[in-house]
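In my numbering, the protein residues as written are 377 to 624.
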């Protein structure tokens, strides 16, 4: 059944456009994959300017629920999507940089989320999921792997395990929290006195984590991932506390 659009009030126009679109999503009239009418059609139906409509669409694109595809033809225009991971990661990274959350907050959030992820993955992950996780571990273990590549593979490993847990929200939050401190973790890895030894030690834990998940030993995997996170992320917290003490 076609969506029935109604004009919106003119005050704070782009926010009212957002509300109009949100209401149709909440009502189930708009779903992932649906396309919005072209701007030239939608703006007059809503009773707003095309600039106000574009502003609302940019907000929706930023938060990961809409993608705009320029051009002409059937694939052009704005389409409703579900891409929360990148959007939440950007938002959390900005708030972390602005001081909304401390390193300690992020550390404890990672511990809670990843304990749950690894425990549930031990119950729910498919053999295919675990084979993909093993491929990431193997690639991290390649001699001479650069720090930047290792950090990327490390992030993908933790997020992949979260996805294989069967809980999409846990996966999204894990990805967002991990992304928020990715630059700090990268700097910590780059500062390692003996990078090959550091990489080998981290990957030995990755290998054991994957073995425990494969064996269905969720509680042990949860305990090890907490130790794994605190050993590096906890060092960042300690260093930050030392800097703050020195500045006071």
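Virtual Cβ for every residue (Gly too), placed ideally from N, Cα, C.
- DSSP, reduced to helix, strand and coil, places residue 445 within a strand of the structure shown.
- With three or more CB-CB distances shorter than 8 Å, the segment 493-508 counts as touching the segment 583-600.
- C-alpha of residue 488 to C-alpha of residue 546: approximately 10 Å in a straight line.
- Shown here, residue 597 sits in a helix according to DSSP, grouped into three states.
- Rounded to the nearest whole angstrom, the C-alpha separation of residue 432 and residue 390 is 5 Å.
- For residue 456, no alpha helix (DSSP H) encloses it; the enclosing beta strand (DSSP E) starts and ends at 453-456.
- Collapsing the DSSP output to three states places residue 388 in coil.
- Residue pairing by DSSP puts residue 411 in a beta bridge opposite 455.
- Leaving aside the five residues that flank residue 400 on each side, the residues in its chain whose CB is nearer than 7 Å to its CB run, in chain order, 379, 406.
- Selection 426, 454, 424 evaluated against residue 438 yields 454 as nearest (Cα-Cα).
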